[in-house]
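Before any comments, here is the structure.
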Amino acid sequence: MRLELKGLTKKFGSFTADDDIDLVVEPGQIHAVLGENGAGKSTLMNMLYGILQPTSGEILIDGEPVDFSDPGEAIAAGIGMVHQHFKLVGPFSVADNVQLGREHTRFAGVLSAGAARRAVRDVSEQYGLHLDPDAICEDLPVGVQQRVEIVKALSGPKTELLILDEPTAVLTPAEITELLQIMRNLAEGGTSILFISHKLKEVQAVADTITVIRRGKVVAELEPTASESEMASAMVGRAVSLQVDKSAAEPGEPRLEVTDLTVVTDAGVKALDGLELTVHAGEIVGLAGVEGNGQTELARSILGLLKPDAGHIAIDGEDVHGRNPARRIKAGLGYIPEDRGRDGLVAEFSVAENLVLNQYRDAPFASSGVVNASAVDRRAVDSIAEFDIRTQSPDESASSLSGGNQQKVIIAREFSRPRRFLVAAQPTRGVDVGATQFIHSRLVAERDTGTGILLISSELDEIYALADRIAVIYNGRIVGEVDPDTPREVIGRLMVGGRLDDETDTADDEADSGPEAAAVVNDAEVETETETDVETSTETDEDANGGDR
Amino acid sequence: MASDTMTAPPLVDETKPVRHLLAGVVFLVLAVAVRAAVSLVGIGESATVAFDRTLTDFSWTLPSDPVVAFLNLVVVGLAIWMIVGLPQRWFKIATAAAVTAVVLSLLIWNYSQPGTVFRAESILAGALFLSMPYLFGAFSGVVCERSGVINIGIEGQFLMGAFTGVLVANITGNVYAGMVGAMLAGSLSTMLLALLATKYQVNQVVVGVILNLLALGFTSFMYDQLKKAEGLNSAYSVKTITWGPLTDIPILGPVLFQQKVFVYVGIAMVAVVWFLLYRTRWGLRTRAVGEHPAAADSMGVNVNRLRFWNVTVAGLLSGFGGAWFTIANSLAFGKNMTAGLGFVALAVMIVGRWNPLGVLAGALIFGFTTQVARDLDAAGASIVPGEFLQMLPYAVTLVVVAGLIGRAKAPAADGVPYNPGDK
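Quick note, the sequences are listed as chains A and B, same order. Residue numbering for the first sequence follows the working numbering, beginning at -16 and increasing consecutively. Residue numbering for the second sequence follows the working numbering, beginning at 16 and increasing consecutively.
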């Protein structure tokens, strides 16, 4: 299918999300659309898929103008979409998820389970995507869920164009490699692919041509041979340094000591299973791992939001057992939560109020229990200047800020008081390149003043860029502590439960995804050692805010 | 939401034994309480079970004291097994057995009083009949909540159905027209809920409460008005359907083959609702819309339209359940005659885990306990005051919800309005 967009524009009130977008996808081509969060990529795809209707401009399929009023029409026209946030009904089987909306029926709307199963098998065999039609989706690993999404998208009556919206955000390195290979196979089979991403390496590895979007406009058409900094500059609109300057760490005394920490969830699952971890003054320890392996529970236990079932946490040499978060914060704990919408900000409060959330009871912000508004305002004005928070005024509500600026409010709050130890969980999630750069440099500066930092990130690149030591978490345990010059595939293996000395495992893994696929990761790894990059956000700003709606 | 797609890899599969321990302690306390109550109040010599409708000459007499003591030991044994630890797969069975033993010993104790006879056939037939309002109300709830709309207005739909059923029957002189009228009244009431929940995205719990109050006020007002007019609120009844020789089968005959049309419709609805939900395109889409509306939307399902019609049609069920109060019981309409049973129907829906078969089981439990309480009350020989017996279904609900089935899980998008274009 040849897809052409001509002058596609979408306005929400006075805000133009997409402005005069022109784009052509040739048959069998992988066309990457690169852009920062909020650049208008998702809006563009939603127009293509009939979820939103363009304000002006047209969509041409094989030269014919089309007009979709809902996704059903887009599907009928041969467009399949894999959404950034999977659209899978958790308790449904794979077959039911795939047939939803175009059910296999015998008569009068009675389902034919056999036909649905066969259809899944046919499509998965045709494209080499192995799936069990009877598996329940919510029990499947994320990578397999994505395969379900792809099979679902390909199961349309005549799917010839596949839209993949940020498909790698939640995948492990091995799963990413596999996905890229699947994309190549599909394109070879004649399927056109629109690949939405802000991850430069993946785009480089797989795209035939690249369109860069910034603030709703097409700003560049690049070849995949373009360098990462070229792509990053086009995305951000100015030269971007992808390096984080940092000297060697000078670790001091232990600031965080976690011994034998065990947390059992309500479901009776051990989220943390005898976890041991030490972070010293003046070092950044990167906690690498696939999301959902206990990172959240560890961070929340350190702050005191979760009561561990066993084990000890000592901050700055003192056991903090039984202390509430307020006392821990007072003792010098800084905390950048992974979900800023839920744990980081009070959305309805003003920026100024959010900036003193951790010390509003203390002088000079309060005396005798009465808040000193002018002190709060003065602090806000200072922080807004120092951390470059883009807000109309300190009195604006935090919810009206963009995700990146909300994150800066949190960073400013945590950095504006004396601290001994800092937990930074996903500190640049949903944050654009410029702000990422800023946050990274502040974290390194913070380290250099002697604070111990635990960096929890699902982005390996961020870990590589900042960490002085890398601990890998899997199933609630630290399964390995390695130097930051450890090759990426070793860490990738640890992240999925392999062992450090396990060489045979690698061979198997690579054989699974094919030699060509394995080569991709290695290619992409060559220049990553101390390099930060644009890949650090996994979710859009809208989503990060979505939680508190 | 992102979190529900990012499921953790399966971790150590280790279940907390805490629930088992707790259940064991609870049953131990129950067993001791029953024992203490029995020795304190005393127990009659024997309990009699009669097949009162078919084999009227036959009755079966149990030595009550030893049987209760034996059942007590069974409960103690099961409790100890739970405390020392038992495999997970046995837990549900043990809990069910222990609950049954406790209930049985209470029954035998009560019916050991002189002058009481456990008329098995009448009681079971009555239990099935009494479970019908719960069944229809809960099915209405299941259809609504499976599509993602909370319907706590069942009580109001009952009232509308009960009232309209009698009114239409009086006007037309046809009791079946009355039933249809009741269904339409229920449906009109849910249509309002559907409109507010989908088009205007109002908080569904608030709407439900308001609809209940509206129905109560409206029917009470109309009741006062009708009293002035002659022949608009007279009782209408439907005949009991008897299946010829089948009615003479012991137990089964009186229970299944000698009932009013409401019971047969109710039993048929179990199969119909189950089949529709799990075997048809409509059911697949309905469940999808209740679990993950964005997923359904992305596949071309019109979420709000489906929700609107499901909720509107569900009102037919609760409206029909309303007609049970008047027409099935051969009663005229009375103010607030549904007495909160619409809320019990909600509990039945939760106990039944939003599944038609579970709902049937829940409705039967409630019907049975209500019937036993009524029967003992009527005999006037109840050891335990009637109020306590009336509490029984709720106690059973607590046990069932807390211990037997673990945490009941509602459809994920239950009560969450859907805006197309949302992520």
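Just so it is clear, CB atoms sit at the ideal spot from N, CA and C, and this is done for glycine as well. In this text the structure is predicted, and so the values were computed from the model without any measurement.
In this structure the region 160 to 169 of chain A does not touch the region -14 to -7 of chain A; the number of beta carbon pairs closer than 8 Å is below three. Fewer than three pairs of CB atoms, one per stretch, sit closer than 8 Å, so the region 339 to 357 of chain A makes no contact with the region 423 to 434 of chain A. Contact residues of the region 205 to 239 of chain A toward chain B are absent (C-beta to C-beta distance below 7 Å). Interface annotation, D50(A): not in contact with chain B, CB-CB separation never under 8 Å. Inter-residue distance for F398(A) and L255(A) is about 28 Å (C-alpha atoms, whole angstroms). If the five residues before and after A112(B) are omitted, its C-beta is found closer than 8 Å to the C-beta atoms of V89, L93, all from its own chain and listed in chain order.
Taking a C-beta distance under 8 Å as the contact criterion, A192(B) and V183(B) qualify as a contact pair. Looking from the CA of S146(B), the closest CA among A362(B), R294(B), A428(B) belongs to A362(B).
Counting of Cβ neighbours within 10 angstroms places E331(A) among the exposed residues, the total staying below 16. Counting the other Cβ atoms within 10 Å of the Cβ of V33(B) gives fewer than 16, which makes it exposed.
When the Cα atoms are used, G40(A) and L183(A) turn out to be separated by approximately 29 Å.
For a cut-off of 8 Å, the C-beta gap from A428(B) to G163(B) is around 4 Å, short enough to register as a contact. Rounded to the nearest whole angstrom, the CA to CA distance from V316(B) to S284(A) is 42 Å. Cβ proximity to chain B below 8 Å picks out H68, F69, K70, L71, V72, G73, P74, F75, D79, N80, Q82, L83, G84, R85, E86, T88 from the region 68 to 89 of chain A. Not one beta carbon of chain A lies nearer than 8 Å to the beta carbon of D429(B).
Judged by DSSP in its simplified three-state form, Q342(A) adopts coil rather than helix or strand.
Per DSSP, the beta bridge partners of F(-5)(A) are F(-2)(A). Per the coordinates, the alpha-carbon of M218(A) lies some 22 Å from the alpha-carbon of L31(A). When secondary structure is reduced to three states using DSSP, V273(A) falls in the coil class, being assigned neither helix nor strand. The three-state reading of DSSP puts Y238(B) in helix, counting H, G and I together. Three or more pairs of CB atoms, one per stretch, sit closer than 8 Å, so the region 332 to 343 of chain B contacts the region 148 to 160 of chain B. Looking from the CA of V99(B), the closest CA among S79(B), A38(B), S155(B) belongs to A38(B). Taking the Cβ atoms as the reference, V387(B) lies roughly 10 Å from L139(B), outside the contact range of under 8 Å.
Leaving aside the five residues that flank A293(A) on each side, the residues in its chain whose CB is nearer than 7 Å to its CB run, in chain order, D243, T245. Setting aside the 5 residues that flank it on each side, G269(A) is surrounded in the same chain by L438, I446, A450, I453, each with a C-beta closer than 6 Å to its C-beta; the list follows chain order.
Comparing alpha carbon positions, the residue from V285(B), R300(B), I108(B) closest to Q82(A) is R300(B). Under the Cβ criterion of 8 Å, H35(B) is not counted among the residues facing chain A.
In the structure shown, K107(B) falls within a helical segment according to DSSP collapsed to helix, strand and coil.
For V117(B), the closest of E170(B), G171(B), A135(B), V53(B) by C-alpha to C-alpha distance is V53(B). Listed in chain order, the non-local C-beta contacts of I372(A) below 8 Å within the same chain comprise V334, S366, L384, N388, K391, V392, A395, local neighbours out to five positions each way being set aside. If you check the CB distance, V414(A) and G386(A) come in under 8 Å.
In terms of Cα proximity to G463(A), the closest of D2(A), A271(A), G235(A), I193(A) is A271(A).
Within chain B, no C-beta atom comes less than 7 Å from the C-beta of I461(A); the nearest is roughly 15 Å away.
Exposed is the label assigned to V287(B), since fewer than 16 other Cβ atoms lie within 10 Å of its Cβ. Note that the C-beta distance between S74(B) and V64(B) is below 8 Å. The alpha-carbon of G73(A) is positioned some 24 Å away from that of P156(A).
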